[in-house]
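Asker:
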Amino acid sequence: MDEFQIIQLIREVTSSYFPQPHPFPTDDDAAQIAAINHQAIISVDALEEDIHFPAEASPFLIGYRAVAVAVSDLAAMGARPRGCFLSLSLPHKNHSHKNHPHKNRPHKNHSDKNCKNDFIKDLAAGFGLAASRVAMPLLGGNIIQGKSCGLSVTVIGDGNQCLGRRGAKGIQVGDAIYVSGFLGD
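Last residue of the sequence shown: 194 in this note's numbering, with the numbers rising by one and none dropped.
In structure tokens form, the structure reads like this:
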């Protein structure tokens, strides 16, 4: 598949998680979001194969985790998710794993022709499900070929009075702290 076919496949899979078309066009080099009387909160997180997830990880879980990690930064600031961008690095079809640091363990070569389409579909499904749970549509992104699988998710949120952890108006002694999930996960 070429870049535009991959983009179309990701767009089809992730849009299936949103019953109504979102109000932001996604067929351009950038997306625009109207911002009136609020603060825009933007964060980015990256995940790299064998650093943030094992090579044998489920593509669905990789996509889901990528959203969860990124959107947690918005939640920490008290921001409402508005949209996200996905940058995806897929292994080049000629990339060899013989020099891979974990060459003796089973490895899913995400560049195989038979698995690349399924890998992208499953990754997009995990990404779409996680994004739909916080009503955060995929607005765009980028795709490259690299030596391993990697993702970068940029999230955009907004809020009237966002919470900061630093500075004069940041967290203060006596403030309540809330967490979702388990600490350390």
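Note that beta-carbon positions come from the ideal geometry of N, C-alpha and C, so glycine has one too.
Because the structure is a prediction, the values reported are computed rather than measured.
Please name the residue in Phe191, Thr163 and Val182 whose C-alpha comes closest to that of Leu83.
Answerer: Cα-wise, what sits closest to Leu83 is Thr163.
Asker: With Ala133 and Val22 assumed to form a contact (beta carbons below 8 Å), what rounded beta-carbon distance in angstroms separates them?
Answerer: That belief holds up - the Cβ atoms of Ala133 and Val22 are roughly 4 Å apart, short of 8 Å.
Asker: Identify the continuous beta strand (DSSP E) that holds Gln48 and give its terminal residues.
Answerer: That run of the beta strand (DSSP E) goes Gln48 to Glu57.
Asker: Any idea which residues DSSP pairs Pro90 with across the strands?
Answerer: The partner list for Pro90 (beta bridge, DSSP) reads Gly166.
Asker: Apart from the five residues just before and just after Ser141, which ones in its own chain have a Cβ nearer than 8 Å to its Cβ?
Answerer: Within the same chain, Ser141 has close Cβ partners Tyr26 and Phe27.
Asker: In the DSSP output, what is Gln154 paired with across the bridge?
Answerer: In the DSSP output, where bridge partners are listed per residue, Gln154 has Leu99.
Asker: Give the secondary structure of Phe62 by DSSP, where H, G and I count as helix, E and B as strand, and everything else as coil.
Answerer: Three-state DSSP puts Phe62 in a strand.
Asker: What is the DSSP secondary structure of Leu147, counted as helix, strand or coil?
Answerer: If DSSP states are grouped into helix, strand and coil, Leu147 belongs with the strands.
Asker: Expressed to the nearest angstrom, what Euclidean distance is found between the alpha-carbon atoms of Leu56 and Ala75?
Answerer: Their backbone Cα atoms lie some 7 Å apart in a straight line.
Asker: In this structure, what does DSSP give as the bridge partners for Gly159?
Answerer: The partner list for Gly159 (beta bridge, DSSP) reads Glu57 and Ser98.
Asker: Between the C-alpha atoms of Tyr187 and Gln181, what's the straight-line distance to the nearest angstrom?
Answerer: When rounded, the distance between both Cα atoms is 14 Å.
Asker: Pull up the distance between the alpha-carbon of Pro68 and that of Lys130, whole angstroms please.
Answerer: Cα to Cα, the separation comes out at about 8 Å.
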